[in-house]
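Scroll down for the structure; my scribbles are underneath it.
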Amino acid sequence: MKADQKIRLEDRMGPKSSIIASDARFKGKIEGKDSIRIVGYFEGEIKIEGLVWIEKDGKIVGTVGAPYIIIEGEIEGDIISATQIEIRRKGKVTGSINSDILAMAEGSVVQGEISMSGKSGDTPITFVEKRQHNLIKE
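Under this note's numbering, the sequence shown has 936 at position 138, and the numbering climbs by one with no breaks.
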């Protein structure tokens, strides 16, 4: 495992990021070098060179292209050319996924096709949620 793979995915957000707020609805195309958080609703195409983070109430209908993606909410559409994706508990993807690395938490859902390049090597990479505030008790 490379040293940079030990970094939590959300730590890749960086100091510059855009947010689509919980009460916002956006339709169109977003391109950029930095990261974006989706807390509201987005319909269209996203091409970001940083992290795309779909939070628990966030929803994307369309195509997402980014090296790093965290899904706590929902994507209806295709994820293309990702390096690493985490689908967290209650995260949902309806569509195709193309990624080098895919981590799915218990309780996450994928309805569609998954294509992986195998670039991550033969050893599985796992993540364990250690922060108690991110664990959901039922």
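Ideal placement from N, C-alpha and C gives every residue a C-beta, glycine not left out.
| Asked | Found |
| --- | --- |
| Inter-residue Cα distance where the pair is G838 and W851 | 11 angstroms |
| Outcome for A880 when other beta-carbon atoms lying within 10 angstroms are tallied against a minimum of 16 | buried |
| I846 versus G826: straight-line alpha-carbon distance, rounded | 14 angstroms |
| Proximity winner among I836, E808, D832 and L807, relative to D821 (alpha-carbon distances) | I836 |
| Residue burial classification, R806 (beta-carbon count within 10 angstroms, cutoff 16) | exposed |
| Cβ neighbours of E808 in the same chain (closer than 8 angstroms, five flanking residues each side left out) | L849, W851 and I868 |
| Delimiting residues of the beta strand (DSSP E) encompassing R887 | First-last for R887: undefined, no H or E at that position. |
| C-alpha gap between I883 and V859, whole angstroms | 17 angstroms |
| Boundaries of the beta strand (DSSP E) in which S913 is found, first to last residue | I912 to M914 |
| Contact set for K888: own chain, Cβ-Cβ below 6 angstroms, skip 5 residues either direction | G905 |
| Inter-residue Cα distance where the pair is E872 and G856 | 6 angstroms |
| Cα-Cα separation between I878 and V907, rounded to whole angstroms | 18 angstroms |
| Continuous beta strand (DSSP E) stretch holding S906: start and end | Looking at the DSSP string, S906 is not in any beta strand (DSSP E), and its letter there is neither H nor E. |
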